[in-house]
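> Numbering (the numbering used here), first residue to last: 48 to 223.
Provided herewith is a single structure, encoded as structure tokens, for subsequent inquiry.
As structure tokens, this is what we get:
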């Protein structure tokens with residue numbers, strides 16, 4: 048019986064390598080290929096990466112030059128400070144990065160710019176354009192829209208009753 052148990056091999060699951068278990072040198076090598084918005088996102092993942100991922104002036108300038116060559120919007124204000132991430136991401140840069148996250152600058156048509164986030168020829172992640180009513184719903188909010196519609200219905204009904212009331216008064220005047 049002992050021979051049977053010793054002849055069987057015990058399979059021990061080896062721990063799987065994850066991004067956080069990779070050596071710091073590989074983290075630095077991977078981060079060196081990232082654009083500024085991606086490096087900033089990686090930097091804010093945890094304390095270890097915050098200390099090692101570079102998001103300095105050179106990376107910011109490279110990102111702005113890349114945007115300019117692709118004929119994309121760039122910060123127009125003169126207050127665009129390159130010194131720190133917090134000062135750089137104020138104002139229009141924050142909106143540009145939000146638009147990028149939402150694939151707002153990507154092309155869904157063949158032969159266009161493609162996906163600027165995943166660097167593919169066609170962006171399959173961009174949401175279709177919202178219609179006029181959907182944009183209003185998003186801007187105002189559904190509850191506010193309901194109250195506005197209720198007020199408009201009330202105004203229309205009041206105008207209709209006023210019109211009917213004036214016709215009834217005219218009919219009474221004609222009959223007398």
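No residue lacks a Cβ here, since even glycine has one placed at the ideal position from N, Cα and C.
Looking only at DSSP bridge pairs, what is residue 162 linked to?
167
> Please list the terminal residues of the continuous alpha helix (DSSP H) segment that includes residue 174.
Neither: residue 174 is in no alpha helix (DSSP H) and is coded neither H nor E.
> Start and end of the alpha helix (DSSP H) containing residue 132?
Counted as a single uninterrupted DSSP element, the alpha helix (DSSP H) harbouring residue 132 occupies residues 132 to 135.
> Among the residues of its own chain, which have a CB less than 7 Å from the CB of residue 170, if the five just before and after it don't count?
Counting only residues of its own chain and dropping the five nearest sequence neighbours on each side, residue 170 has a CB closer than 7 Å to the CB of 150, 153, 154, 155, 161 and 162.
> How big is the Cα-Cα spacing for residue 81 and residue 192?
Roughly 42 Å between the two C-alpha positions.
> So is residue 110 buried or exposed if we call it buried at 16+ other beta carbons inside 10 Å?
buried
> Go ahead and pull the three-state DSSP assignment for residue 117.
Correct three-state label for residue 117: coil.
> Of the residues 178, 174 and 157, which one's Cα is nearest the Cα of residue 168?
157
> Which one of 133, 190 and 197 has the shortest CA to CA distance from residue 90?
133
> What are the boundary residues of the alpha helix (DSSP H) that includes residue 84?
Per DSSP, residue 84 is one residue of the alpha helix (DSSP H) stretching across 83 to 90.
> Measuring straight from C-alpha to C-alpha, what distance separates residue 146 and residue 139?
11 Å
> Alpha carbon to alpha carbon, what distance is there between residue 202 and residue 180?
21 Å
> Per DSSP, what kind of secondary structure is residue 48 in: helix, strand or coil?
No answer about residue 48 holds up, because its pLDDT of 48 lies below 50 and its placement is not dependable.
> Between 113, 85 and 67, which has its C-alpha nearest residue 93's C-alpha?
That would be 67, whose Cα lies nearest to the Cα of residue 93.
> Measuring CA to CA, which of 196, 103, 120 and 72 is closest to residue 131?
103
> Let me know the secondary structure DSSP gives residue 65 once reduced to three states.
coil
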